[in-house]
Each structure stands twice: as structure tokens, then as C-alpha cells.
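Enquirer: Let me give you the structure first, and then I'll get to my questions.
Number of protein chains: 2
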Amino acid sequence: MTTPSRMGTREQILDTALELFLAQGYDATSLRQIAERLQLTKAALYYHFPAKELLLLELTRPLLDGMGRLVTELRSAEDHDPRAVLSAYLDLFIEHVDIVGLLGREPATLHHPDVGQRAHSLAIAIQRQLAGVDPQPERAVRTACALGVIHSAAQIPPGMLAEQRDIILAAAIAALGEAVPTQSAQRK
Amino acid sequence: MTTPSRMGTREQILDTALELFLAQGYDATSLRQIAERLQLTKAALYYHFPAKELLLLELTRPLLDGMGRLVTELRSAEDHDPRAVLSAYLDLFIEHVDIVGLLGREPATLHHPDVGQRAHSLAIAIQRQLAGVDPQPERAVRTACALGVIHSAAQIPPGMLAEQRDIILAAAIAALGEAVPTQSAQRK
DNA sequence: GTCTATAGGCAGATAGAC
DNA sequence: GTCTATCTGCCTATAGAC
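These protein sequence lines are chains A and B, in that order.
Note that the working numbering has the first sequence beginning at 6, numbered continuously upward.
Note that the working numbering has the second sequence beginning at 6, numbered continuously upward.
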């Protein structure tokens, strides 16, 4: 058994749903498959989640809430040190790697107003905090590149993520480029 | 009309199929939708492509062939300058941005042996050329980061890609890190 | 809370006329 | 080359018994 039955049924469902969504995609995964893995019936699933869509909403909420909090914090803070922003974003990203993978890969996900649309506007907000308002084209591109570095963390085996975090952050900052003026000896 | 009827029917089909796959995903796109857009019937589609899967094969072939050529070239060449490899990969990537987006986002695509599996082994081969055999963990991670920068090109509006190419390449090289020993005054 | 049974729809695919 | 008509199957979802 991949999922021992010591978790609540609801959590088990979310767990294997995520697993299957990541492996096959949202559309390609049927409720029957999820039910079979858990030795439940489709109807039992519907008891916990009245619609397939709700699985997506529940799965993505923690990440989206995290992004929302990050944006709020960034807005209230005066300082806009790009490195701090990248660092916070990277940590959030690492915390929810699997969900990020789901969001990034699933077009179905991306078009749902409560998920994809929200994710998109949050991502834009973070990008703005990084690039500043009305940035030069080069600055905008390099910002996108830095975020690309962070997103590449999804390719790295989850087990190694924690120990490689600082390297990824360094690479992201390097991709951002010359924006780093002075304090090169800053540690942690 | 998005697709004027001056292309061959087959090309029109591939064209709108790609458009819809990118917008909604492969699974979520039905043959009926594709047929309706072109004012054809499902059966007409089946005349040109005897299976839905074949649309995927045809769409991804140009990119995969390009990657295959790149790997062959890299293998036969003695020099392994990371910047040259990144540059070649970036150009290939830009040439086929849309297909890369499809490949990257579609889990359905990724599991087809003639597509996803081939793409995966080709990507690994390129990564090996960049990182070298049996690289240090840091080197491996930074290589992944540099490729992440290139992949982030998919986020940039296609119209601006050509003029921003050099910036993206510079960011990728920066993400790779210290591998660049001396010439720091290189411009353009 | 979990089940059986079933509705109802739309998918991919085929046969054969024109 | 493109059509009409049709088959078959699986999907999401519901109603109601236990």
C-alpha cells in the first residue's frame, strides 16, 4: 500500500488524487481510478468531494494561500531587496513543490477562475515586486529568468532540495544580474 | 477566421489542434472541437489522422528531430564549451517555443513512448553534455538552473524573444556560475 | 459514511455512401 | 477527400438503500 490507512479518508483521497494527477494529468485521471486505488467506490468519493473540481481546489489552496500571504507581506514592507523576495518565493516553492508541478503542468487547472486565474495574478504581483513598476525590458526579462531558475527546482529530486536550496538561490540571483550593488559578503 | 483556407487541410488541422492543445490541454480538447473550428466533421479529421494520438506525434516531431540533431552534433564535437551548448539549445528552443510548451505542460504527451520518453532521454543527453559525466552535486544543480532559465523563455511574449535572446543566454550562463573563468568584459 | 444501481452525456472511432 | 450515421465505451454525477 502506498497510503497506509492511518490518515483520514479525506486526506487519503487528496493524497492519491495528487499522485495520479501528477502522473497522468487531471483530465486523464478518472474518479474510478482514484476510488480503485483506495478500495473505495466512486460514490464514496462523491460523498467527500461533491465534484471532481473540488479536489483541485483543495489541493491547490495551501500554495495559493501561501502566495497570497507572501504578496501581502511584500506590499506592506518598505524594502524590496530582490534577494529577499527570491528567497521567500523559493522557500514557498520548495514547501509546495508537488502542487507547483501540478499548477504548472495542468492547463485544466490554469483556466479555473479560483485556481489558475488567482495563481496567475499572484505570480504577476510577485514578478512586479521583483522587477519594479514599469521596468526596462532587460530587467523584465532577467526577472523572468530568475523565476525560471526557481521553477527549475521542480526538476530536482525532492530529497535533495533542502540541501541544494542555497545553490538554487545563488543561481537565481546570478540570473537576475547586476542589480546587486554592494553587500556581497551577506550570509544567511 | 483564424486560419485562412490557403493552407492544406492537413496543415490547418495541425495548426488549430496545436492552438487548442495549448489552450486547454490535449485530453480536454476533443476532436469535435477541432472539427468545428475548421468547419469539418470528425470523420474528415479521421481521414487525415487515423487517431488522435497522431496529431501529437506530428506536432512534436520537428522539435524532437532538432534535439536529436543537436545531441548528435554535441557528441561528435570535441569542445564542450557550456556557453555554446546553452546557445544552441536556446536557439532550438526559441524555434519551437509553442511545441516546447506543449511538451512541458502535457502529462499525456510525456508518457507516450515515441514522444515523452524520447524527449526525456534527449533532454538528459543534453544535460550530460552540459554538466559532464558524474558531476558534483552543485554542478548538476546549477546546470538544471541554467536550463531552467532557458525554459523560462516560454513565459516571454514570442514577439520579443528574438531581441531578448542574448539577455536570456547571459542569464543562463550566469546561473551556471563560475564555469566562466576569465573573459568578463565580453559584450554582445 | 459508505454502498448499489443507474442515468445521461460525450468521447474516440468505424463503415460505407457520395 | 469529405460526408452521414452509428457503435461502443467510459466518464461525471445522482438517487436512494444500508
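Just so you know, even glycine gets a beta-carbon here, dropped at the ideal spot from N, CA and C.
(1) Looking at the C-beta of G153(A), does it have a partner C-beta in chain B at a distance below 7 Å?
(2) Under the three-state reduction of DSSP, which class applies to T46(A): helix, strand or coil?
(3) Would you give the residue range spanned by the alpha helix (DSSP H) that Y94(A) belongs to?
(4) Could you confirm whether any beta carbon from chain A is found closer than 7 Å to the beta carbon of I172(B)?
(5) Count the other CB atoms, across all protein chains shown, that sit within 10 Å of the CB of M165(A); report buried if there are 16 or more and exposed otherwise.
(6) Compute the beta-carbon to beta-carbon distance between L135(A) and V90(A), rounded to the nearest angstrom, for a pair I have assumed lies under 8 Å.
(7) Residues of chain A with CB closer than 8 Å to the CB of Q29(B), please, in chain order.
(8) Helix, strand or coil for I173(B), going by three-state DSSP, please let me know.
(9) Taking only beta-carbon positions, decide if L19(A) is within less than 7 Å of chain B.
(10) What does the Cβ neighbour count give for D119(A), buried or exposed, with the cut at 16 atoms within 10 Å?
(11) For Q169(A), would you say it is in contact with chain B, using Cβ-to-Cβ distances shorter than 7 Å as the test?
(12) Unbroken alpha helix (DSSP H) runs of length 4 or more, entirely within the stretch 95-147 of chain B: which are they?
(13) Could you check whether P112(A) and Q29(B) sit closer than 7 Å to each other, using their CB atoms as the reference points?
(14) Quick one: residues in its chain with C-beta nearer than 6 Å to the C-beta of L60(B), no 5 flanking neighbours on either side, listed in chain order?
(15) Using a Cβ-Cβ distance cut-off of 7 Å, determine whether D32(B) contacts chain A.
(16) Measuring CB atoms only, is the stretch 158-175 of chain B touching the stretch 134-149 of chain B, in the sense that at least three cross pairs come out at less than 8 Å?
(17) Could you give the distance in angstroms between the alpha-carbon of Q132(A) and the alpha-carbon of S157(B)?
Expert: Checking against the coordinates, here is how it stands:
(1) Using a Cβ-Cβ cut-off of 7 Å, G153(A) counts as an interface residue toward chain B, since at least one Cβ of chain B sits closer than that to its own.
(2) T46(A) sits in coil when the DSSP states are folded into three classes, being neither helix nor strand.
(3) Element bounds for Y94(A): 87-100.
(4) Taking Cβ atoms only, chain A reaches closer than 7 Å to I172(B), which makes this a yes.
(5) M165(A) is exposed by the Cβ-count criterion.
(6) Contact between L135(A) and V90(A) holds: CB atoms are separated by about 5 Å, below the 8 Å threshold.
(7) What Q29(B) touches in chain A: P112, A113, H116.
(8) Note: I173(B) maps to helix in three-state DSSP.
(9) Chain B, which has no Cβ nearer than 7 Å to the Cβ of L19(A), makes this no.
(10) Label assigned to D119(A): exposed.
(11) Yes, contact with chain B.
(12) Runs found: 102-110, 112-116, 123-136.
(13) The criterion of a C-beta distance shorter than 7 Å is satisfied by Q29(B) and P112(A).
(14) For L60(B), where only same-chain residues beyond five positions count, the Cβ hits under 6 Å are A22, F54.
(15) Using beta-carbon distances, D32(B) counts as an interface residue toward chain A, with a partner under 7 Å.
(16) The answer is no - the stretch 134-149 of chain B does not touch the stretch 158-175 of chain B, with fewer than three Cβ pairs under 8 Å.
(17) Using only the alpha carbons, I get a separation of about 13 Å.
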